[in-house]
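Participant:
Protein chains in written order, with my numbering: chain A, 1 to 226; chain B, 1001 to 1226.
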């Protein structure tokens, strides 16, 4: 099916808006990360535990995408930080225009960190730049070790792979070392943290990664956009 | 983003090819089912256990879709039935043309059942008719009970929901009754079977469903295409 010409046009337009967003986020010194995974890999749960760990003084906000329902925003609003749901209707990914629209009335000066939770989809969101500083892919240990090989684009484009639901490792046929090896066959430099949101194990590694990424981001602001 | 005009054209063309396929499958009395789920919900494992349960005399074939790798076909070929991998490159779903192309050299007279395993994606495959008699959605118990509400299209269009990985129920915060209730809010008549491919529990319900669906299909062949 020949969808290339229109897809190219759509992606060019998206890239243009994303570049503007990126510039805006840099101006206001807001680190933006874009969380991508299959449905049910634990993006929202990771965010719940992340927000729970933050002090109320932390300047963090969340945009959370789904085809339907406000469920995720309702779950995340309980922690007292600004949260907005982006309901895409049928669209299988977030795009830069949606981020532009939903951040238009936010005072970015009041933010240090914006976490975007994409629609649950391991394929399409990888094509849409949202102006983020970093993409992060989640893979739950129930999904199988070969996912990085089957869905290489998102693993190639992500700085970090978060292996989630590690508490289930005793009950599933999943070898974390093999999964990491597969991810590194696609993207040699991908970083990895392993977390269990149920037990809290690994949460500090994840929070440390976020903090260090913010430091790198701020240090990079003196350089031109890459 | 205005993608509607081209998407409409693509879907119309897909529907045309799918209608031809459906007619061809009916002529040759082949029941075709289209398995759809998130990546890692257990489609390939369910197929492994299904083929393992079939007698060698069973006239079944499998088409299995992925963005990359021949992993699934290699796993499924061990059971001695015809299996073909459809590698889509970047495309996030199977379409009717791919099915047409990959079944072109098969003698459908020699088949009773064709199982199509779609690309792992709970969104996009729901829009593409493959000429199947029935769509089947898999949901693993690790994915959360609200998935039918967040991804309603595929649950609305599926005749059956297979709840997979039920052996993990003791270790995950998942209430099967709530998941089923959510699926039925979207699609009141959806049928449900629960399986654990690890323990084999529920496999007979699934095989029975397939057999009964085949009987309904054959009984319906005397009627015009609906």
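Cβ coordinates follow ideal geometry from the N, Cα and C atoms, glycine included.
This structure is a prediction, so every number in the text was calculated from the model and none was measured.
Provide the residue(s) that pair with residue 1065/B in DSSP beta bridges, ordered along the chain.
Facilitator: Answer by DSSP bridge pairing, in chain order: 1086/B.
Participant: Can you name, in chain order, every residue of its own chain whose Cβ lies under 7 angstroms from the Cβ of residue 1182/B, other than the five neighbours on each side?
Facilitator: Answer for residue 1182/B: 1145, 1146, 1148 and 1149, listed in chain order.
Participant: Output yes or no for whether 8 angstroms exceeds the beta carbon distance between residue 243/A and residue 1092/B.
Facilitator: The structure shown does not extend to residue 243/A, since chain A is modelled only from 1 through 226, so no value can be given for it.
Participant: Looking only at its own chain, which residues have a Cβ that is under 6 angstroms from the Cβ of residue 1070/B, when we skip the five neighbours before and after it?
Facilitator: Cβ within range, chain order: 1085.
Participant: Could you run through the segment 1148-1164 of chain B and flag, in chain order, every residue whose CB is less than 9 angstroms away from some CB of chain A?
Facilitator: Correct list: 1149, 1150, 1151, 1152 and 1153.
Participant: Around the C-beta of residue 109/A, are 16 or more other C-beta atoms found within 10 angstroms, so that it is buried, or is it exposed?
Facilitator: Answer is exposed; the Cβ neighbour count stays below 16.
Participant: What span of residues does the beta strand (DSSP E) with residue 103/A cover, start to end?
Facilitator: Unbroken run through residue 103/A is the alpha helix (DSSP H), 96-103; no beta strand (DSSP E).
Participant: Can you find at least 3 beta carbon pairs, one from the segment 1094-1110 of chain B and one from the segment 202-219 of chain A, that sit closer than 8 angstroms?
Facilitator: As far as the Cβ criterion goes, the segment 1094-1110 of chain B does not touch the segment 202-219 of chain A, which means the pair count is below three.
Participant: Please state whether the Cβ-Cβ distance between residue 76/A and residue 217/A is less than 8 angstroms.
Facilitator: Going by C-beta atoms, residue 76/A is not nearer than 8 angstroms to residue 217/A.
Participant: Considering residue 1115/B, what are the terminal residues of the beta strand (DSSP E) in which it resides?
Facilitator: First-last of the beta strand (DSSP E) with residue 1115/B: 1113-1117.
Participant: Going along chain A in order, which residues have a C-beta closer than 7 angstroms to the C-beta of residue 1143/B?
Facilitator: The answer, in chain order, is 39 and 40.
Participant: Taking DSSP as the reference, what is the three-state secondary structure of residue 121/A?
Facilitator: If DSSP states are grouped into helix, strand and coil, residue 121/A belongs with coil.
Participant: Tell me which residue opens and which closes the beta strand (DSSP E) that residue 1191/B is part of.
Facilitator: That run of the beta strand (DSSP E) goes 1191-1194.
Participant: Can you find a C-beta in chain B that's less than 8 angstroms from the C-beta of residue 55/A?
Facilitator: False, the Cβ-Cβ gap to chain B never drops below 8 angstroms.
Participant: Relative to chain B, which residues along the segment 121-134 of chain A have a C-beta separation below 7 angstroms, given in chain order?
Facilitator: Taking 7 angstroms as the Cβ-Cβ cut-off against chain B, the residues of the segment 121-134 of chain A that qualify are 121, 122, 123 and 124.
Participant: Return the chain-ordered ranges of every beta strand (DSSP E) run that is complete within the segment 145-174 of chain A and spans a minimum of 3 residues.
Facilitator: Within the segment 145-174 of chain A, the complete beta strand (DSSP E) runs of at least 3 residues are 160-164.
Participant: Between residue 92/A and chain B, is there a C-beta pair that is closer than 8 angstroms?
Facilitator: It does: the Cβ of residue 92/A has a partner Cβ on chain B nearer than 8 angstroms.
Participant: Smallest Cα separation from residue 154/A: which of 184/A, 168/A, 67/A and 107/A?
Facilitator: Ranking the options by Cα distance to residue 154/A, first place goes to 184/A.
Participant: Could you tell me which residues DSSP pairs with residue 38/A in its beta bridges?
Facilitator: Beta-bridge pairing links residue 38/A to no other residue.
Participant: Which class does residue 1140/B belong to by DSSP, given the choice of helix, strand or coil?
Facilitator: Residue state, collapsed to three classes: strand.
Participant: Using CA coordinates, which residue listed in 143/A, 116/A and 141/A is at the minimum distance from residue 133/A?
Facilitator: Residue 133/A has its Cα closest to that of 116/A, out of 143/A, 116/A and 141/A.
Participant: Please go through the same chain and pick out, in chain order, the residues whose beta-carbon is closer than 7 angstroms to the beta-carbon of residue 1172/B, but skip the five residues on each side of it.
Facilitator: Closer than 7 angstroms at Cβ, skipping near neighbours: 1141 and 1142.
Participant: In its own chain, which residues sit with a C-beta less than 8 angstroms from the C-beta of residue 1209/B, not counting the 5 before and 5 after it?
Facilitator: 1160, 1191 and 1193, listed in sequence order.
Participant: Leaving aside the five residues before and after residue 196/A along the sequence, list all residues of the same chain whose C-beta is less than 7 angstroms from its C-beta, in chain order.
Facilitator: Closer than 7 angstroms at the Cβ level, and outside the excluded window around residue 196/A, lie 165, 166, 167 and 202.
Participant: Are the C-beta of residue 1140/B and some C-beta of chain A separated by less than 8 angstroms?
Facilitator: Closer than 8 angstroms to some Cβ of chain A, the Cβ of residue 1140/B qualifies, so yes.
Participant: How would you call residue 1078/B, buried or exposed, if buried means at least 16 neighbouring beta carbons within 10 angstroms?
Facilitator: Flag for residue 1078/B reads exposed.
Participant: Taking beta-carbon pairs under 9 angstroms, can you tell me which members of the segment 52-83 of chain A lie near chain B?
Facilitator: Listed by position along the chain: 66, 67, 68, 69, 71 and 72.
Participant: CA-CA distance, residue 227/A and residue 36/A?
Facilitator: Residue 227/A is absent from the structure shown; chain A starts at 1 and stops at 226.
Participant: Residue 1146/B touches chain A at which residues, Cβ-Cβ below 8 angstroms?
Facilitator: Residues of chain A passing the Cβ test: 69 and 71.
Participant: Determine the closest residue to residue 1042/B out of 1107/B, 1175/B and 1072/B, with distance taken between C-alpha atoms.
Facilitator: With distances taken between Cα atoms, residue 1042/B lies closest to 1072/B.
Participant: One question on the structure: do residue 67/A and residue 119/A come within less than 8 angstroms of each other, judged by their Cβ atoms?
Facilitator: Yes, the Cβ-Cβ distance between residue 67/A and residue 119/A is below 8 angstroms.
Participant: Answer yes or no: do residue 1046/B and residue 1081/B have a C-beta to C-beta separation smaller than 8 angstroms?
Facilitator: Not closer than 8 angstroms, so no.
Participant: CB-CB under 8 angstroms to residue 1033/B, same chain, minus the five flanking residues each way: which ones, in chain order?
Facilitator: Answer for residue 1033/B: 1113, 1114, 1115, 1116, 1132, 1133, 1134, 1135, 1136, 1210 and 1213, listed in chain order.
Participant: Note down, in chain order, all residues in the segment 1162-1186 of chain B with a beta-carbon under 9 angstroms from any beta-carbon belonging to chain A.
Facilitator: From the segment 1162-1186 of chain B, only 1165, 1167, 1168, 1170, 1171, 1172 and 1173 have a Cβ closer than 9 angstroms to chain A.
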